[in-house]
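Peer 1:
Protein chains: 2
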Amino acid sequence: MKAAIEALGEVGYANVSLSQIAKKANISTGLISYHFSGKEDLINNTLMYLSQQEWFYIRGKVESKQTPTEKLIAFIEASLAYQATNQVNNIALIEIVFNARTPDHVPYYKLEDHEEDFVSNLLQEILHKGQESKEFRDFHPRVAATVIKGAISESLLSSHINLEEYSEELIHMILTMVK
Amino acid sequence: MKAAIEALGEVGYANVSLSQIAKKANISTGLISYHFSGKEDLINNTLMYLSQQEWFYIRGKVESKQTPTEKLIAFIEASLAYQATNQVNNIALIEIVFNARTPDHVPYYKLEDHEEDFVSNLLQEILHKGQESKEFRDFHPRVAATVIKGAISESLLSSHINLEEYSEELIHMILTMVK
DNA sequence: ATATAATTTGATTGATCGTTCAATGAATTA
DNA sequence: TAATTCATTGAACGATCAATCAAATTATAT
Numbered sequence: 316m317k318a319a320i321e322a323l324g325e326v327g328y329a330n331v332s333l334s335q336i337a338k339k340a341n342i343s344t345g346l347i348s349y350h351f352s353g354k355e356d357l358i359n360n361t362l363m364y365l366s367q368q369e370w371f372y373i374r375g376k377v378e379s380k381q382t383p384t385e386k387l388i389a390f391i392e393a394s395l396a397y398q399a400t401n402q403v404n405n406i407a408l409i410e411i412v413f414n415a416r417t418p419d420h421v422p423y424y425k426l427e428d429h430e431e432d433f434v435s436n437l438l439q440e441i442l443h444k445g446q447e448s449k450e451f452r453d454f455h456p457r458v459a460a461t462v463i464k465g466a467i468s469e470s471l472l473s474s475h476i477n478l479e480e481y482s483e484e485l486i487h488m489i490l491t492m493v494k
Numbered sequence: 316m317k318a319a320i321e322a323l324g325e326v327g328y329a330n331v332s333l334s335q336i337a338k339k340a341n342i343s344t345g346l347i348s349y350h351f352s353g354k355e356d357l358i359n360n361t362l363m364y365l366s367q368q369e370w371f372y373i374r375g376k377v378e379s380k381q382t383p384t385e386k387l388i389a390f391i392e393a394s395l396a397y398q399a400t401n402q403v404n405n406i407a408l409i410e411i412v413f414n415a416r417t418p419d420h421v422p423y424y425k426l427e428d429h430e431e432d433f434v435s436n437l438l439q440e441i442l443h444k445g446q447e448s449k450e451f452r453d454f455h456p457r458v459a460a461t462v463i464k465g466a467i468s469e470s471l472l473s474s475h476i477n478l479e480e481y482s483e484e485l486i487h488m489i490l491t492m493v494k
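Protein sequences, first through last, are from chains C and B.
In short: position in the first sequence from 1, add 315, done, that's our numbering.
In short: position in the second sequence from 1, add 315, done, that's our numbering.
(1) With a cut-off of 9 angstroms, does the C-beta of B:Lys464 fall near any C-beta of chain C?
(2) Let me confirm a value: C:Phe371 is counted as buried when at least 16 other C-beta atoms fall within 10 Å, else exposed. Which label applies?
(3) Using C-beta distances below 7 angstroms, list every residue in its chain close to C:Tyr397, excluding the 5 sequence neighbours before and after it, in chain order.
(4) Can you list, in chain order, the residues of its chain whose CB lies under 6 angstroms from that of B:Asn401, leaving out five sequence neighbours each side?
(5) Roughly how many angstroms lie between the CA atoms of C:Asn436 and B:Asn341, to the nearest whole one?
(6) Whose C-beta lies closer than 7 angstroms to the C-beta of B:Ile347 among residues of the same chain, with five residues either side of it excluded?
(7) Is there a Cβ of chain B sitting closer than 9 angstroms to that of C:Tyr328, yes or no?
(8) Short of 7 angstroms Cβ to Cβ, which residues in the region 411-442 of chain B face chain C?
(9) With DSSP collapsed to three states, give me the class of B:Arg416.
(10) If contact means a Cβ-Cβ distance below 8 angstroms, which residues of the region 386-404 of chain B contact chain C?
(11) If you scan the region 365-437 of chain B from start to end, which runs of the alpha helix (DSSP H) of 4 or more residues do you find wholly inside it?
(12) Determine the extent of the alpha helix (DSSP H) in which B:Ser482 is found, giving its start and end residues.
(13) Got a sec? Which residues, its chain only, sit under 6 angstroms from B:Lys376 by beta carbon, not counting five neighbours each side?
(14) Does C:Thr417 pass the burial test, meaning 16 or more other C-beta atoms within 10 Å, or should it be called exposed?
(15) Give me the chain B residues within the contact set of C:Ser470, using Cβ-Cβ distance strictly less than 7 angstroms, ordered along the chain.
Below, the structure written as structure tokens:
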């Protein structure tokens, strides 16, 4: 799976092959089919691993904070930091989510229960709690969550931005939006 | 190219083949190679076509407005409306941008001059003009543009949202952020 | 009407893909 | 120690792919 992550980052989903992954892992191609029921199974397990990694990291950072405002800040910082620190993991995750499809061709990014469910739910919960405690103003939590998630994802694509600078400014803008 | 767009939407970038596209266009596979120098060339031309379509639509809507605030609202509305109205085009565009790579494996979404340059520049220009005229408050235009672009892109992934509802709420949130 | 150029076909080519499988070695169990 | 399961290899298979090209067709120009 770690070899798959590397290969996905290097050549992309459309060009990745089992033989490439096998070579990277210093095993034979057949061994992949022995441990996984197929290429799709390998990809799915890799996706689960990547989602978990991100989820554990962000959850850890958020849990250590108390108030919704602090949790929201920690959420944004952790999301951006994870992306910056684990670039290979994140690229692989993007490659899978935006490319993999079910056998009947439904894209993973259209599936209801895709990777970021946990992360997304955590964010919505923070926003909701913040509204209950009157720390945040009145807005639609799902829309706000979409805005925040989008701002975090989009930062990956704007490669020429400075992380700390962006992080600080983004937190400031989001806070003026919700407080 | 229109056949390619349909095929990309149906089976995704990783599974699309020239013979599928040819069948959809009711031509032979060889004819594609006659008019395009290869699969990559076809994809690149399709990407240019898709980018132009979006760009023309959004530019038209924004140009008809006068003040930066009105232009910003028109920009968001037009972006969301285009995505909703031309879903097939948008999916194809996503498929290409997130999957295609240069011969040396550089992803298109990491390229400096990728699809949304015109759209992105227009947005930044609106924000800048709004700050000059004191309609908008002081913030980093590039970060704000990233937030807005991200919110628009992300809406595609949250499939269960209502467009008009989201559009209205998003405009409201963005305006409280910049005004 | 003829000649030339442009377009289109469809079969072919060579490469690569994911998967299967018999064979082999290593580890575990009895 | 013997028997049995587990792990791994690498070659082979059928399928599919993008690209090529000679032949056929159609359009354009003379």
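Glycine included, each C-beta is placed from N, C-alpha and C at the ideal position.
Peer 2: Reading it off the structure:
(1) yes
(2) exposed
(3) Glu369, Tyr372, Ile373
(4) none
(5) 46 angstroms
(6) Leu333, Ile336, Ala337, Leu357
(7) yes
(8) Phe413, Asn414, Arg416, His420, Pro422, Tyr424, Lys425
(9) strand
(10) none
(11) 383-400, 402-412
(12) 478-493
(13) Ala389, Ala393
(14) exposed
(15) Thr461
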